[in-house]
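Numbering (this note's numbering), first residue to last: 121 to 418.
Every residue, glycine too, gets a C-beta built ideally from N, C-alpha and C.
Take a look at the structure set out below.
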């Protein structure tokens with residue numbers, strides 16, 4: 121009888137593992153395939169891509185589309201602007217959000233509850249696009265690189281994540297530092313900051329992805345400063361130009377192959393997502409730990 125139960129248990133485990141592996145394999149393929157599909161369509165013959173004949177295997181492999189995209193006017197400058205706003209904006213956001221999250225955990229902070237609730241309210245209510253633009257204009261942040269940085273320094277959601285995480289750190293560590301004469305800045309620098317690396321890496325991923333993919337602020341704020349346009353904005357203009365030319369010149373022969381908007385869209389998508397895809401795997405372990413540990417206490 122015991123042997124029969126053990127055999128049934130082993131059979132159940134095998135079936136369960138088989139189902140698990142099958143489901144997760146399908147899920148993994150479903151996640152990876154869109155990126156693979158984009159890539160093979162950017163390196164395949166454009167006329168085949170236009171007819172939708174490229175699905176699993178690339179045909180007529182070439183790199184012409186990427187070469188053409190690299191020749192877009194001032195694309196290099198836009199790339200540097202995007203990298204600069206991503207690095208500077210993410211760095212400042214992480215430092216400020218981390219310190220703000222730490223401060224709202226201190227009970228001796230005056231009006232702590234008010235400021236914390238005020239911060240949360242900004243996540244649900246905003247003035248709208250026009251008042252936002254007028255405010256940015258009055259502050260002199262239009263056609264100004266700081267227009268990318270200053271509005272994103274404080275991220276309420278990230279402050280909440282840091283606050284929740286800091287509350288999971290044993291308070292005895294802070295108390296021992298205070299007894300030794302350390303102030304809030306030293307406690308934050310030498311205790312809170314090193315112990316909060318998982319959650320800091322998590323919000324860094326959020327910030328980097330947000331800055332890299334941001335498009336509307338460049339479109340609205342940098343109309344008079346083409347040299348400050350981001351990669352997404354520059355490629356958006358390039359796509360619009362090709363779409364208009366294709367509409368004017370028609371969809372036949374050589375013109376169709378030269379002005380294939382579908383291929384252009386695919387290539388632009390690959391160019392904009394490759395940097396994040398390269399960075400994210402290195403942050404994955406911290407990202408998972410930060411989300412899980414920050415969710416223990418609420």
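- Fewer than three pairs of CB atoms, one per stretch, sit closer than 8 angstroms, so the stretch 206 to 216 makes no contact with the stretch 298 to 311.
- When the Cα atoms are used, residue 299 and residue 273 turn out to be separated by approximately 32 angstroms.
- Burial check for residue 227: the Cβ neighbour count within 10 Å stays below 16, so the residue is exposed.
- Contact between the stretch 317 to 325 and the stretch 239 to 247 is absent: fewer than three C-beta pairs spanning the two stretches fall below 8 angstroms.
- By the Cβ test, the stretch 165 to 180 is not in contact with the stretch 387 to 401, since fewer than three Cβ pairs between them sit closer than 8 angstroms.
- With a cutoff of 9 angstroms on beta-carbon distance, residue 201 and residue 387 are scored as not near each other.
- The residue from 251, 362, 312, 143 with its alpha-carbon nearest to that of residue 296 is 312.
- In the DSSP assignment, residue 196 falls within the unbroken alpha helix (DSSP H) covering 195 to 223.
- Residue 204 has its alpha-carbon roughly 35 angstroms from the corresponding atom of residue 302.
- Our two residues, residue 315 and residue 289, have alpha carbons roughly 8 angstroms apart in a direct line.
- Residues of the same chain with a CB within less than 7 angstroms of the CB of residue 216, apart from the 5 flanking positions on each side, are 273, 274 in chain order.
- With contacts defined by Cβ atoms closer than 9 angstroms, residue 265 and residue 348 form a contacting pair.
- Linking residue 336 to residue 229 through their CA atoms gives a straight-line distance of about 36 angstroms.
- If you draw a straight line from the Cα of residue 345 to the Cα of residue 352, it is about 15 angstroms long.
- Beyond the five residues adjoining it in sequence on each side, residue 338 comes within less than 6 angstroms, by CB distance, of 349, 350, 353 in the same chain, given in chain order.
- Between residue 239 and residue 276, the gap from beta carbon to beta carbon is short of 9 angstroms.
- The alpha helix (DSSP H) runs of length 4 or more contained entirely in the stretch 324 to 351 are, from start to end of the chain, 336 to 341.
- When the Cα atoms are used, residue 175 and residue 385 turn out to be separated by approximately 16 angstroms.
- Membership of residue 187 in the alpha helix (DSSP H) is indicated by the continuous run 184 to 190.
- For residue 276, the uninterrupted alpha helix (DSSP H) run begins and ends at 276 to 286, by DSSP.
- Within the model, the alpha-carbon separation for residue 140 versus residue 131 is close to 14 angstroms.
- A residue is called buried once 16 or more other Cβ atoms fall within 10 Å of its Cβ, and residue 181, having fewer, is exposed.
- Under the three-state reduction of DSSP output, residue 171 falls in the coil class, being neither helix nor strand.
- Taking 9 angstroms as the cut-off, the Cβ atoms of residue 282 and residue 328 do not count as close.
- Sequence-distant partners of residue 359 (beyond 5 residues in either direction) whose C-beta falls short of 8 angstroms from its own C-beta, in its chain, are 381, 384, 385, 388.
- A straight-line Cα-Cα distance of about 17 angstroms links residue 160 and residue 397.
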